[in-house]
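There are 2 protein chains.
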Amino acid sequence: MAEVDEERQVCDVAVTLAFSVLGKRWNGMIVSSLGGGPSTFVALRRAVAGISDTVLSDRLAELAETGLVARTVDAGPPITVSYALTASGEGLLPILDQLGQWASANLAERAH
Amino acid sequence: MAEVDEERQVCDVAVTLAFSVLGKRWNGMIVSSLGGGPSTFVALRRAVAGISDTVLSDRLAELAETGLVARTVDAGPPITVSYALTASGEGLLPILDQLGQWASANLAERAH
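Protein sequence lines correspond, in order, to chains C and S. Our numbering puts the first sequence at residues 994 to 1105. Our numbering puts the second sequence at residues 994 to 1105.
Printed below as a string of structure tokens:
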């Protein structure tokens, strides 16, 4: 039977790394939503349908830790906190668009 | 503050659909591994480091259900079962490669 070749395994290291972030539920959707521009917590929660406050808060902290999202506090008044993609996070957007196109073409009919 | 615009929200539906499959742990790695060609269960388990028999079995059944993977039984003897990407699954490969490149460039130094 076919064996997985060495080049493919090297590639898998990078793909595994990618899914250490994107394989966690909601992270792809949060990055995609922030592709529309900086956002507040409340606007993000509305955009990412179904996510809870606690989980969104945890995910934003993780995405900041991983360097994909930056949190900015504007002293105001009123104090406002906004979230935006970093250059690293923005680098994901064209790939997420392609994933979306692939899903529309290949998964859409099965979702209904 | 910036609001998430309507076009972005429409896009998010497709991205959400994509992550209904790829947001589950291991699925990206399984598809990526099968990009090297058809594989047996044992070879796949070796290629996807850290996955258990039960989880690999469940994921392969789900990926077959979603139409990304095809399971073929060769009557033999000996009977052999192999797994391969469908056209739909193969459509993901160039996108997974880009995700891997993005991860190598943006996540690698944080992983160590």
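Each residue gets a CB set at the ideal place from its N, CA and C atoms; glycine is no exception. Note that the structure is predicted; figures quoted are calculated from it, not measured.
So what's Arg970(C) in DSSP terms, helix, strand or just coil? Residue 970(C) falls outside the range modelled here, since chain C spans only 994 to 1105, and no answer is possible.
Minimum Cβ-Cβ distance from Ala1096(S) to chain C less than 8 angstroms: Taking the second sequence and counting its residues from 1, the one referred to as residue 1096(S) is at position 103. By this cut-off, Ala1096(S) is an interface position.
Within the 8 angstroms Cβ cut-off, does Leu1026(S) reach chain C? By one-based count along the second sequence, residue 1026(S) stands at place 33. With the sequence shown as reference, residue 1026(S) is identified as Ser, and Leu is not the correct amino acid for it. True, the Cβ-Cβ gap to chain C drops below 8 angstroms.
Run down chain S in chain order and give the residues with a C-beta less than 7 angstroms from the C-beta of Thr1065(C). Numbered from 1 along the first sequence, position 72 holds the residue referred to as residue 1065(C). Per Cβ cutoff of 7 angstroms: no residues; Thr1065(C) is ~11 angstroms from chain S at best.
Exposed unless 16 or more other CB atoms sit within 10 angstroms - verdict on Val1066(S): For the purposes of this step, residue 1066(S) is taken as residue 73 along the second sequence, with counting starting at 1. Val1066(S) is exposed by the Cβ-count criterion.
Where Ala1080(S) sits in the DSSP three-state scheme: For this step, residue 1080(S) is matched to residue 87 along the second sequence. Correct three-state label for Ala1080(S): helix.
Less than 8 angstroms between the CB atoms is what I'm expecting for Gly1084(C) and Leu1027(C), so what's the real figure, rounded? Mapped onto the first sequence, residue 1084(C) falls at position 91. Mapped onto the first sequence, residue 1027(C) falls at position 34. No, Gly1084(C) and Leu1027(C) are not in contact; Cβ-Cβ is about 13 angstroms, not under 8 angstroms.
State buried or exposed for Val1035(S), treating a residue as buried only when at least 16 other CB atoms are found within 10 Å of its CB. Here residue 1035(S) is taken as the residue at index 42 of the second sequence, counted from 1. Exposed: under 16 other Cβ atoms inside 10 Å.
8 angstroms CB neighbourhood of Leu1037(S) in its chain, flanking five on each side removed: Start at 1 with the first residue of the second sequence, and residue 1037(S) comes out as number 44. Correct list, in chain order: Ile1023, Ser1026, Leu1027, Leu1049, Leu1053 and Tyr1076.
Determine, using beta carbons only, whether Arg1018(S) comes closer than 8 angstroms to chain C. For the purposes of this step, residue 1018(S) is identified with residue 25 of the second sequence, where counting begins at 1. It does: the Cβ of Arg1018(S) has a partner Cβ on chain C nearer than 8 angstroms.
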